[in-house]
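A.B. asks:
Residue numbers (the numbering used here): 46 to 246.
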């Protein structure tokens, strides 16, 4: 099933220039497919198709793993600075996963608050779809250095509070208890684990 949205063409074209890309739809679709493909096993099929009748900013994505086909709407946010990401979400409110060259820490936190997934060319990703698709990765640079920001988002605090109150630290349990999105829940649990506050058993 394809999603149809209406976006002011002049705004989108202006955004494409602002976000630092004048690539054609096909070139950008290929780039996004390559980014997504790098985060899943080679046996998984990834399709990226420009949204009909829209300029090259918004794409329908299909990721087929076994018999399950995960579908979502993605958009390109250039370099991944907060301004780039916010402009994209303003132009395309229904975007479900944001793709960028290198997502900034503040852009990641802002998307997490909205429950929107993200992935970038630096190797990082935080995607958690209701269809069962979960991709959570840190870029090589993030793995090799301490977290720059000690900021605890509202969703991360909610996850920690739920765990401390005795809720089983799983995405399903925390999501049901707190009402957070799957993406925000998975990211919160992952950050608590990275801080050494949770341990897998």
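We treat Cβ as the ideally placed atom computed from N, Cα and C, and that holds for glycine.
1. Tell me whether the beta-carbon of residue 168 lies closer than 9 Å to the beta-carbon of residue 183.
2. Would you mind sorting residue 90 into buried or exposed? The rule is 16 or more other CB atoms within 10 Å of its CB.
3. Just list the alpha helix (DSSP H) runs in the segment 168 to 232, keeping only unbroken ones of 4 residues or longer that don't cross its boundaries, in chain order.
4. Going by DSSP, what residue range makes up the alpha helix (DSSP H) through residue 161?
5. Under 9 Å between the Cβ atoms of residue 201 and residue 237?
6. Beta-carbon within less than 6 Å of residue 228's beta-carbon, same chain only, minus the 5 sequence neighbours each way: which residues are those?
7. Applying the criterion that 16 or more other CB atoms from any shown protein chain within 10 Å of the CB defines a buried residue, is residue 52 buried or exposed?
8. Got a sec? Which residues, its chain only, sit under 7 Å from residue 198 by beta carbon, not counting five neighbours each side?
C.D. replies: For this structure:
1. yes
2. So residue 90 ends up on the exposed side.
3. 185 to 188, 199 to 209, 216 to 223
4. Looking at the DSSP string, residue 161 is not in any alpha helix (DSSP H), and its letter there is neither H nor E.
5. yes
6. 160, 162, 173
7. A caution first: residue 52 carries a pLDDT of 43, below 50, which makes its placement in the model unreliable, though a value can still be read off. It is buried - the Cβ of residue 52 has at least 16 other Cβ atoms within 10 Å.
8. Sequence-distant partners of residue 198 (beyond 5 residues in either direction) whose C-beta falls short of 7 Å from its own C-beta, in its chain, are 154, 157, 158.
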